Amino acid sequence: MNYNSGFLNISDNKINSYYISAGLGLPVSKNKTQLNISYSYGSEGTISNKLIQEKFHKITLNLGFVGNWFNKRKIF
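So for the sequence shown, our numbering puts the first residue at 115; every next one is plus one.
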């Protein structure tokens, strides 16, 4: 959950925003690759003094690969 009072001020009206998000990570294979899914809902702006308020839904997909980085190689 996030609330931001913001720095934007139009006609003595502060432009506030808030959103809430939830997500989960699902294993895809045995090598620790993971699929992350998240959903967010939020609102930004105000409808007072004929200003605009927008509401949004956001879905995010992320695929994370695990690799062996910075491992010292063995020389035979």
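All residues carry an ideal CB built from backbone N, CA and C; glycine is no exception. In this text the structure is predicted, and so the values were computed from the model without any measurement.
Exercise. For residue 120 versus residue 127, is the C-beta distance shorter than 8 Å?
Worked result: Cβ atoms of residue 120 and residue 127: not closer than 8 Å.
Exercise. At which residues does the beta strand (DSSP E) containing residue 170 begin and terminate?
Worked result: Here the beta strand (DSSP E) through residue 170 covers 167–178.
For this session: Could you tell me which residues DSSP puts in a beta bridge with residue 154?
Result: Its beta-bridge partners are 135 and 172.
Problem set entry | CB of residue 154 within 8 Å of CB of residue 172, strictly | The answer is yes: Cβ separation under 8 Å.
Exercise. Taking Cβ positions, are residue 157 and residue 137 nearer each other than 8 Å?
Worked result: The Cβ atoms of residue 157 and residue 137 do not sit closer than 8 Å to each other.
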